[in-house]
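S.K.:
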Amino acid sequence: MDYSAVVDVHQKPQNHEVQIFESREGARIAQLPLNAFPDFWVYAYLVLVDDICVLIDTGSGFHENNQHLEEGFRDAGDLLGEPIEFSDLTHVLITHGHIDHYGGLPFVRQKSKALIGVHELDQHNLTHTEERLAITATRLERYLAEAGLGTETSQELVQIYKMTKLNYQPQKVDFTYEAVDMQLGPLTMLHVPGHCAGQVVIRLHDVLFSGDHVLSKISPHQAPERLSLFTGLNHYLQSLEATQSWSEGIQLSLGGHNPPVTDLKQRIREIQDIHKERLAEFLEILKEPHTIAEISKTYFGETHGYNIILALEEAGAHIEYLYERGQLEIANLDEVESGGGLAPICYKALSPA
Ligand SMILES: [Zn+2]
Ligand SMILES: [Zn+2]
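Numbered per my numbering, the sequence shown finishes at 355, counting up by one with no gaps.
Set out below in structure tokens:
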């Protein structure tokens with residue numbers, strides 16, 4: 003069982019130090035490791051190119067994150083031989099609207115006048131966080147009921163879901179990517195919905211900043227689209243295809259977690275295979291009828307805390323994909339029809355004709 007693929011194992015990087023990279027045309031890049039939550043690390047990137055100074059992602063704003071951002075700026079300055087201050091930043095580009103990537107914005111904004119950019123589809127996550135949270139939590143609660151969890155467990159999980167986002171102060175966004183034609187100086191963006199609705203990858207010369215779209219050690223987390231439009235496995239797989247053709251000539255791909263990817267095309271193929279295999283294995287398990295909660299447990303094993311939600315979402319994304327393509331049927335339709343939207347749904351693979 004590919005347990006690591008669902009549980010976000012973003013442990014401390016082996017080399018917990020700022021690393022410097024350079025693009026083919028001489029842009030300088032500093033990778034800043036941030037301890038965003040206990041046992042959960044994320045990277046932000048400081049990019050110096052032409053006359054702009056860009057911070058790509060900000061980490062979570064929690065735990066040791068902001069202290070690590072400050073130390074990262076200092077160490078990057080030392081390594082590059084010129085001090086870099088927050089006040090030097092011209093832009094902050096957010097790769098996608100997940101809290102471990104944008105939660106540091108209030109801290110950065112206090113110290114800098116940099117313009118903040120994000121994709122249209124994730125703008126609300128930054129500016130109307132409470133609203134987004136409330137809507138998704140409502141959908142999640144209903145989803146968990148249909149997945150086959152009891153009311154009490156569902157409510158506990160919804161509380162856990164809300165908890166990580168409570169302290170964030172909404173921030174104004176200065177520009178969205180489509181409004182600037184997906185370009186900022188030499189940086190170009192490609193919209194790759196799936197892991198998150200407004201996920202982008204950002205290209206600079208022969209370097210790609212991949213956010214959470216492509217990671218080297220885990221397959222990026224998937225959730226069913228019914229929880230949030232423009233997510234879901236179908237968008238994700240299409241976005242992987244789009245990235246393959248858009249990334250010609252990329253030598254180095256720097257993600258939001260995990261070590262860099264040097265063979266992007268190969269890594270994309272591996273991730274595609276992980277999902278193909280998982281879909282096939284789910285069809286096998288579903289020769290007997292099961293709820294999403296049962297499949298999640300069978301496939302990913304026992305999980306705890308936030309990882310229970312991640313496993314249920316990952317399983318649900320694959321079930322949704324199969325169901326929408328007519329490969330599954332509902333085995334307990336009577337129950338579902340009389341259940342007022344709260345009955346667990348049992349899925350079963352359609353036997354080949
Ligand atoms: Zn993410
Ligand atoms: Zn992330």
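Note that the Cβ used here is the ideal one computed from N, Cα and C, for glycine as well.
#1: Taking 8 Å as the cut-off, does the segment 279 to 294 touch the segment 112 to 128 (at least 3 CB pairs, one atom from each stretch)?
#2: So, is V8 buried or exposed, given that buried needs 16 or more other C-beta atoms within 10 angstroms?
#3: What residue range is occupied by the uninterrupted beta strand (DSSP E) comprising T190?
#4: Per DSSP, which residues does Q185 bridge with? Please list them.
#5: Reducing DSSP to helix, strand and coil, say where S255 ends up.
#6: Can you give the Cα-Cα distance for I321 and L335, rounded to whole angstroms?
#7: Closest by CA to T166, which one among P40, T305, I22, K350?
#8: Hey, how far is the Cα of A147 from the Cα of K164?
#9: Buried or exposed: which applies to H197, given that a residue is buried once 16 or more other Cβ atoms fall within 10 Å of its Cβ?
#10: Cα separation between I101 and G213?
#11: Do you know how far the Cα of E227 is from the Cα of K219?
#12: Looking at C-beta atoms only, is the number of pairs between the segment 83 to 96 and the segment 132 to 146 that lie closer than 8 Å three or more?
#13: I'd like to know if the segment 165 to 180 and the segment 240 to 257 are in contact, where contact means that at least 3 CB-CB pairs between them fall below 8 Å.
#14: With distance defined between alpha-carbon atoms, name the residue in R141, V110, Q185 nearest to P172.
#15: By Cβ distance below 7 Å, which residues in the same chain neighbour A319 in space, the five residues on each side in sequence not counted?
#16: In the DSSP assignment, what are the bridge partners of Y47?
#17: With a 10 Å radius around its C-beta and 16 neighbouring C-beta atoms as the bar for buried, classify T293 as buried or exposed.
#18: Could you tell me which of T138, E72, F64, Q201 sits nearest to E122, measuring between CA atoms?
#19: So which of V194, S221, H193, P188 has the shortest CA-CA distance to R209?
#20: So, at 8 Å on beta carbons, what are the nonlocal neighbours of Y5 in its own chain, with the 5 sequence-adjacent residues on each side left out?
#21: Can you tell me where the beta strand (DSSP E) with H400 in it begins and where it stops?
M.R.: So, to answer that:
#1: no
#2: As a working mapping, residue 8 is identified with position 6 in the sequence shown. Since pLDDT at V8 reaches only 40, below the 50 mark, its modelled position is unreliable, and no value is offered.
#3: Taking the first residue of the sequence shown as 1, we reach residue 190 at position 188. Taken as a continuous stretch (DSSP letters only), the beta strand (DSSP E) holding T190 covers 189 to 193.
#4: Here residue 185 refers to the residue found at position 183 when the sequence shown is read from its first residue. Paired residues: T190.
#5: For this step, residue 255 is matched to residue 253 along the sequence shown. Correct three-state label for S255: strand.
#6: Indexing the sequence shown from 1 puts residue 321 at position 319. Indexing the sequence shown from 1 puts residue 335 at position 333. The straight-line gap from Cα to Cα measures roughly 16 Å.
#7: Position 164 of the sequence shown, counted from the first residue, corresponds to residue 166. Nearest option by C-alpha distance: P40.
#8: Position 145 of the sequence shown, counted from the first residue, corresponds to residue 147. Position 162 of the sequence shown, counted from the first residue, corresponds to residue 164. Approximately 17 Å, taken between the alpha carbons.
#9: The count along the sequence shown starts at 1 and reaches residue 197 at position 195. Buried: at least 16 other Cβ atoms inside 10 Å.
#10: Along the sequence shown, one-based indexing puts residue 101 at 99. Along the sequence shown, one-based indexing puts residue 213 at 211. Going from the Cα of I101 to the Cα of G213 covers about 13 Å.
#11: Position 217 of the sequence shown, counting from 1, holds the residue named residue 219. Position 225 of the sequence shown, counting from 1, holds the residue named residue 227. Spanning the two alpha carbons is a distance of roughly 24 Å.
#12: no
#13: no
#14: As a first step, residue 172 must be located in the sequence shown, where it is residue number 170. For P172, the nearest C-alpha among the options comes from V110.
#15: To locate residue 319, count along the sequence shown from 1; it is residue 317. Contacts found: Q224, A225, P226, G234, L235.
#16: Counting from one through the sequence shown, the residue named residue 47 turns up at place 45. DSSP, once it has assigned bridges, lists Q33, I58 as partnering Y47.
#17: Stepping through the sequence shown from its first residue, residue 293 is reached at position 291. With 16 or more other Cβ atoms within 10 Å, it is buried.
#18: Locating residue 122 in the sequence shown gives position 120, where the first residue counts as 1. Comparing Cα-Cα distances from E122 to each of T138, E72, F64, Q201, the minimum goes to Q201.
#19: Walking along the sequence shown from the start, residue 209 turns up at place 207. The residue asked about is misnamed: residue 209 is Val in this sequence, not Arg. Closest by alpha carbon: P188.
#20: The residue you call residue 5 lines up with position 3 of the sequence shown. Confidence at Y5 is low in this model, with a pLDDT of 32, below 50, so the placement of that residue is unreliable and no value is reported for it.
#21: Residue 400 cannot be examined here, being either before or after the span of the chain that is shown, 3 to 355.
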